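>
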Amino acid sequence: MADAHRVPPACVPRPGQTRFGPCLGSFLATLGLIVLLLLCTPVGAAGLDYRTSWVGNTLGFGNGRWVPNAVEDIAVTPEGVVVTNTEWDEAGGEITLIRDGKVDGVGDHTHGWGNFGGDAIAVGDGYAFTAARIENAGGKLANRPGYPEKNTVWFGLMRRELDHLSRGAPFEGGVGNADDVNPSPVLNSFLRITAVREGEDAAVRGLAVQNNVLYAATPLRNRIDRFDTRTMRRLGTWEAEQPGKMAPDGAGNLWVILRTAGTQGRQVVRFDADGKRTAQVPLPAGTLPVDIAVGVDGRLLIADNGPNQNLLWFQVEGNTVTPAGELGERGGAYSTRNGARAGSVGPLRFQGLTSVGLDRKGNIYVAMSGMGPRPVGHRPYHFGAVLESYTPDAKPRWRLEGLLFLDTVHVDPGDPGWAYTGTRRFRLDFDHMDPGSEWRYTGITQDPFRYPQDAAFAAGPEGRGFPLMRRIQGRLFGFFTDRHAKYLKIYRFDPARSELAVPAGFISTRRIEGNWPPFQPPSGEWIWHDDNGDSRFQANEFERNSGRDAPAMQAWWVDDRGDVWAGSYDQGIRRFRLRGLDRQGNPDYSFDTVEREPMPAPFTKVQRLQYFPETDTMYLTGATAAKPYDPGQWDSIGRVVARYDNWRGTSRNTVRKPRYVVELDSLPGRRPTQGIEGIAVAGDYMFLVEAEKAHVRVLENRTGRHIGVMTPGGEVGNESGWVDVPMGITALRRPNGEYVVFVEEDARGKNLMYRWRPAAVAAASAGEAKRP
Numbered sequence: 043m044a045d046a047h048r049v050p051p052a053c054v055p056r057p058g059q060t061r062f063g064p065c066l067g068s069f070l071a072t073l074g075l076i077v078l079l080l081l082c083t084p085v086g087a088a089g090l091d092y093r094t095s096w097v098g099n100t101l102g103f104g105n106g107r108w109v110p111n112a113v114e115d116i117a118v119t120p121e122g123v124v125v126t127n128t129e130w131d132e133a134g135g136e137i138t139l140i141r142d143g144k145v146d147g148v149g150d151h152t153h154g155w156g157n158f159g160g161d162a163i164a165v166g167d168g169y170a171f172t173a174a175r176i177e178n179a180g181g182k183l184a185n186r187p188g189y190p191e192k193n194t195v196w197f198g199l200m201r202r203e204l205d206h207l208s209r210g211a212p213f214e215g216g217v218g219n220a221d222d223v224n225p226s227p228v229l230n231s232f233l234r235i236t237a238v239r240e241g242e243d244a245a246v247r248g249l250a251v252q253n254n255v256l257y258a259a260t261p262l263r264n265r266i267d268r269f270d271t272r273t274m275r276r277l278g279t280w281e282a283e284q285p286g287k288m289a290p291d292g293a294g295n296l297w298v299i300l301r302t303a304g305t306q307g308r309q310v311v312r313f314d315a316d317g318k319r320t321a322q323v324p325l326p327a328g329t330l331p332v333d334i335a336v337g338v339d340g341r342l343l344i345a346d347n348g349p350n351q352n353l354l355w356f357q358v359e360g361n362t363v364t365p366a367g368e369l370g371e372r373g374g375a376y377s378t379r380n381g382a383r384a385g386s387v388g389p390l391r392f393q394g395l396t397s398v399g400l401d402r403k404g405n406i407y408v409a410m411s412g413m414g415p416r417p418v419g420h421r422p423y424h425f426g427a428v429l430e431s432y433t434p435d436a437k438p439r440w441r442l443e444g445l446l447f448l449d450t451v452h453v454d455p456g457d458p459g460w461a462y463t464g465t466r467r468f469r470l471d472f473d474h475m476d477p478g479s480e481w482r483y484t485g486i487t488q489d490p491f492r493y494p495q496d497a498a499f500a501a502g503p504e505g506r507g508f509p510l511m512r513r514i515q516g517r518l519f520g521f522f523t524d525r526h527a528k529y530l531k532i533y534r535f536d537p538a539r540s541e542l543a544v545p546a547g548f549i550s551t552r553r554i555e556g557n558w559p560p561f562q563p564p565s566g567e568w569i570w571h572d573d574n575g576d577s578r579f580q581a582n583e584f585e586r587n588s589g590r591d592a593p594a595m596q597a598w599w600v601d602d603r604g605d606v607w608a609g610s611y612d613q614g615i616r617r618f619r620l621r622g623l624d625r626q627g628n629p630d631y632s633f634d635t636v637e638r639e640p641m642p643a644p645f646t647k648v649q650r651l652q653y654f655p656e657t658d659t660m661y662l663t664g665a666t667a668a669k670p671y672d673p674g675q676w677d678s679i680g681r682v683v684a685r686y687d688n689w690r691g692t693s694r695n696t697v698r699k700p701r702y703v704v705e706l707d708s709l710p711g712r713r714p715t716q717g718i719e720g721i722a723v724a725g726d727y728m729f730l731v732e733a734e735k736a737h738v739r740v741l742e743n744r745t746g747r748h749i750g751v752m753t754p755g756g757e758v759g760n761e762s763g764w765v766d767v768p769m770g771i772t773a774l775r776r777p778n779g780e781y782v783v784f785v786e787e788d789a790r791g792k793n794l795m796y797r798w799r800p801a802a803v804a805a806a807s808a809g810e811a812k813r814p
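My numbering puts the first residue of the sequence shown at 43, with every later residue one more than the last.
1) When burial is assigned at 16 or more other CB atoms within 10 Å of the CB, is S565 buried or exposed?
2) Q515: buried (16+ other C-beta within 10 angstroms of its C-beta) or exposed?
3) Return the first residue and the last residue of the beta strand (DSSP E) that A461 is part of.
4) If you pair each beta-carbon of the segment 529 to 536 with each one of the segment 625 to 634, do three or more pairs fall below 8 Å?
5) Let's see if you can read the secondary structure: which residues bound the alpha helix (DSSP H) around F499?
6) Could you tell me whether the Cβ atoms of V145 and V109 are closer together than 8 Å?
7) Could you pull out every residue in the same chain whose Cβ sits closer than 8 Å to the Cβ of N193, ignoring the five residues on either side in sequence?
8) Considering only their Cβ atoms, is the gap separating L448 from R506 smaller than 8 Å?
9) So if DSSP puts S431 in a beta bridge, which residue, or which two residues, is it bridged to?
10) Going by DSSP, what residue range makes up the beta strand (DSSP E) through D476?
11) Under DSSP, the beta strand (DSSP E) around T663 begins and ends at which residues?
12) Could you have a look at D270 and say whether DSSP puts it in helix, strand or coil?
13) For the segment 206 to 254, which segments carrying the beta strand (DSSP E) assignment without a break, of at least 3 residues, lie completely within its bounds, in sequence order?
14) In whole angstroms, give me the CA-to-CA distance for D591 and I549.
15) From the DSSP secondary-structure annotation, give me the bridge partner or partners of A259.
16) Where DSSP assigns a beta bridge to K531, which residues make up the other side?
17) Looking at C-alpha atoms only, which residue of F313, R776, T484 and V124 is the closest neighbour of V165?
18) Heavy atom of the ligand GTP less than 7 Å from the Cβ of T396, yes or no?
19) At a cut of 8 Å, does the segment 339 to 352 reach the segment 323 to 330 through at least three beta carbon pairs?
20) With a CB to CB cut of under 7 Å and the five nearest residues on each side skipped, what residues in its chain are close to G156?
21) Let me know the secondary structure DSSP gives L706 once reduced to three states.
22) Below 8 Å, can you find three or more Cβ-Cβ pairs linking the segment 772 to 790 to the segment 97 to 114?
23) With DSSP run on the structure shown, which of helix, strand or coil describes A597?
24) Within a Cβ cutoff of 8 Å, which residues of the same chain sit near P458, ignoring the five residues on either side of it in sequence?
25) Decide if R275 is buried, meaning its Cβ has at least 16 other Cβ atoms within 10 Å, or exposed.
26) DSSP state of Q488, grouped into three classes?
27) Should the segment 292 to 305 be called in touch with the segment 205 to 217, which here means at least 3 C-beta pairs below 8 Å?
28) Which partner residues of W297 appear in the DSSP bridge assignment?
29) Unbroken alpha helix (DSSP H) runs of length 4 or more, entirely within the segment 706 to 763: which are they?
30) With DSSP as the reference, label R467 as helix, strand or coil.
31) Opposite E203 in the DSSP bridges: which residues?
32) Within 10 Å of its beta-carbon, does A668 have 16 or more other beta-carbons around it, so buried, or fewer, so exposed?
33) Flag this pair as yes or no: are the beta carbons of M728 and L741 separated by less than 8 Å?
34) Below 8 Å between beta carbons: does that hold for D115 and D161?
35) Determine the direct distance from the alpha carbon of G485 to that of A801, and round the result to whole angstroms.
36) Taking the alpha-carbon positions, what's the W460 to P389 distance?
Below you can see the structure in the form of C-alpha cells.
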C-alpha cells in the first residue's frame, strides 16, 4: 500500500485521554481508534490495492526533490556545482541546485507574491545572482513597500548566498518582498534595474561575474550594466546591441551574444574591461548562438540552437578566433545520420539547447528545453527540461529529466508498451515494479526545422495539446486538444521509422487570434486538410463552414473508428464522420458529413464525452436542470455523469434514456466545491480525477457504483499539483487485468501513474501462482 493510506498521526488518540478503568478504558480506547481509523482513512482506500508511480521526471518527489520543468540558464562553479534559473517552475523550483548529478535543493521565494524567476544566472564572490522580476499580483500588492505600483513590473536580479540559496543577501538600496508579518528570507535582496509597464519584456538576459564586477544584459535597453558585487552599486553602463548571455574569460574580458531579439544575424563578440570590442567569433552560416562558456584553457564553447543542434569549440589567440571542433551529433535529436531515427534522443543528440557550462576540470554541462530559450517578448515554451554532463572527452557523466508540463500520457492502442505526450514518446515496461522505473524517454515528437508551422511552436505552451492516440486502418494517429479545447490538431505517425509527429490536419472552432496559422479564414470555424503532404498551411487547403464560430464547447473525443465527436454547452453533440484516409494518408473530415445530435436528456450542457463504437456506449458529463452549471468550475467535467447504451442504435428523434445518472456532488466524502476535472473509461471501470489534489474516483462503468479512491502515495510525496486541463487523465486495462491510470501532474514535471489490480483479478493471479 502507498504511504497515502496510513492513518494521519493527528487521527490517533494520545495516551491518557480516557479516564475509565483499565479494562473499560482499553476497550473504549480501542473502539475510538477504530472509529477514527474509519473516519480518517481515505474513502475506498481499504478496497483498492494499488501503487503510485510516475512518468516523465527523474525524481518523483518521494524524497522531496524533483527536476524543474524548465531551465533557461545554468551557472557552474569551478567545482562543478550547477545552479539553474527559469522564469517559472510550477512547484517553485525556478532556482535549483544540482551537485554530482543529484538535485540538492531549491532557492525558493521565486514563486508567488509577485515573484518570478528569470532567464539568466551567474555565480561568484560567494553569491548566486539570479535574473528575476517582481510584479504586484494584479494590483493586490501595489500599496505595499517593496513592490511596484499598479500596472508596473520591475525587472532586475536577486542576490543570494551561494551556500544557502534560499537566503537573500540584502544590500543598501535593495528592495522586494517586504512583509511586516512574515519577513521574507530574501527581503531587500532584489536589485531593480528596469521598471516598465505591464506587457513589456525588459528581462535581464545575461549575467556574468568577474573581478568583483557583476555584468547584467538588458536587450530591451541595448545596454550592459556593471555593478560592484559587494555593494551592488552601479559602476557604469556599456552600449551593446540587444545583448544576451555572457561569459568572462578570467583575464578581464567579457564574451557576449548580441542581436538576440531575433534569430538572424546574431554575433558573439569580446569586450575588454573598458567596454571596447576586441574580437568576434566567426560563426558558421545558420548558427543560432544561445549561450557561451569559457574553459580554463581559454577556449570558447558555444551552444548552437540552430539546425545543427550542437556545441561549437573555438580557439582564441590574441584577437583571432578560429573554429576548434564540434561536440554532439550534427542535427541533434532530429538527425537521421548513420541510420538514426528522427527525433530519437540519447547522448550527444541535443534538442532545444538553452545553456552550457564548464568546470575547472573541463567537464561539460548542457541544458535543453526541447525548443530553446524563451524568445524576447514571449512566454516560456515549457517543453520540459533535460540537463546532462559529459567528461572533457565527451563521455556521459549524468542526466536529469523534467519532461512534462501541461501534458498527459496516452498509450498507443496498437502497442501499449509505447506512450505519447504533447511532445514526447516513452517506452513503458510494466514488468518493472520500482516506482518511477517503468518508463524510458525515447524521442521528441515535434521538429521545429521540418515542421516550423506546427501549433506546438506557434501557439505557445498551451498549444502542445493532450493526445488521444488512435489506430485507423492499422496506422497510428494522434489527435491533440489545446488546453481550452478551442481546436483539435491531427498528426500522423510512422513509429517504425521516426519518432516525429507529422502535422496532418486541424479542426478549429473559430478564427485563431494573431498571425498563425497563415491563410486561415477571416472568421468562423474551419478545417485544414494537408492536401499536398508538406505539413504547411496553404490557402487552398482550408474548408470554411458558415463563417460563424462553432457552438461553445470543451468536449472533444475521437472514437476507435476515427470519428470525431464534439459536445457543446448548449447545442447538443456533433459527429465529424471519418471519410477515410486521403492520398497522403491523413484522416479526412468535412463539414459536409457532420451529423448533429440534440442535447440528450437530462443534460443542459455537455462538458465531456467518450463514445465506444464496439459496444455502442456513450458516456456524457456536464450539467442538468437539477445540477446546474457552476461557472466557478467552468473547466470541470460538470456535476453529472451518465451512461447511454445503444447510442447509435437509437433514433436521433427518440428521447434517449440513460442507463444510469450519477450526481458527482454525492460521491462519498467529496466536497462539492472540489471540481472533477477529467474522465477516463477503460475496461470495467470509470476513473474521475479531482482538480485540486489528483484524487481519482473509481466507479463501475456497468452500474455507476462508486468503489473507491486512489490518492498520491508516499512514492510521490503524497502530493500532486492541480489537474486543470480537459484531458488530464487517461487509463488502460492491461491483458493481465491490471489498470494503469495516468494523471497530469504539472507541479513537479511529470504524470502520476496509478497501478491497480481489482481484488478479483489479484485473487485469481494469486491462485494461479499457487498452482503446482
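All C-beta atoms, glycine included, are put in the ideal place defined by N, C-alpha and C. Model, not experiment: these values are computed from the prediction.
The short version:
1) With fewer than 16 Cβ atoms within 10 Å of its Cβ, S565 is classed as exposed.
2) Sixteen is the threshold: since fewer than 16 other Cβ atoms of the shown chains lie within 10 Å of the Cβ of Q515, the residue is exposed.
3) Its beta strand (DSSP E) spans residues D457 to Y462.
4) Cβ pair count under 8 Å is three or more, so yes.
5) Element bounds for F499: A497 to A500.
6) The Cβ atoms of V145 and V109 sit closer than 8 Å to each other.
7) The beta carbon of N193 sits closer than 8 Å to those of G181, R239 and E240, all from its chain and outside the five residues before and after it, given in chain order.
8) In this structure, L448 lies closer than 8 Å to R506 by Cβ.
9) DSSP output for S431 lists Y407 and W440 as bridge partner(s).
10) Per DSSP, D476 belongs to no beta strand (DSSP E) and is neither H nor E.
11) Per DSSP, T663 belongs to the beta strand (DSSP E) from T659 to T666.
12) If DSSP states are grouped into helix, strand and coil, D270 belongs with the strands.
13) Within the segment 206 to 254, the complete beta strand (DSSP E) segments of 3 residues or longer fall at 206 to 210, 232 to 239 and 248 to 252, listed in chain order.
14) Those two C-alpha atoms are separated by around 12 Å.
15) G248 and I266.
16) K531 is bridged to F522 and F548.
17) For V165, the closest C-alpha among the options F313, R776, T484 and V124 is that of V124.
18) As far as ligands go, the structure on display features none, and thus does not contain the ligand GTP.
19) Yes: the two stretches touch, three or more of their Cβ pairs being nearer than 8 Å.
20) Scanning its chain for C-beta atoms nearer than 7 Å, with the 5 sequence neighbours on each side dropped, one finds around G156 the residues I176, E177, N178, A179, L183 and Y189, in chain order.
21) In the structure shown, L706 sits in a helix (DSSP, three-state: H, G or I).
22) The segment 772 to 790, when compared against the segment 97 to 114, does touch it at the 8 Å Cβ threshold.
23) Strand at A597.
24) Excluding residues within five positions, the ones whose Cβ falls inside 8 Å are L470, L774 and R776.
25) By the Cβ-count criterion, R275 is exposed, with fewer than 16 other Cβ atoms from all chains shown falling within 10 Å of its own Cβ.
26) Note: Q488 maps to coil in three-state DSSP.
27) With a cut-off of 8 Å on Cβ pairs, the segment 292 to 305 is not in contact with the segment 205 to 217, counting fewer than three such pairs.
28) As DSSP reads the structure, W297 sits in a beta bridge with A289 and R312.
29) You should have found no qualifying run.
30) DSSP places R467 in the strand class (E or B) of the three-state scheme.
31) E203 is bridged to Y169 and H206.
32) Flag for A668 reads exposed.
33) When the beta-carbon positions are compared, M728 and L741 come within less than 8 Å of each other.
34) Yes, the pair counts as a contact, with Cβ atoms nearer than the cut-off.
35) Annotation: A801 to G485 spans about 36 Å, alpha carbon to alpha carbon.
36) Whole-angstrom Cα-Cα distance: 21 Å.
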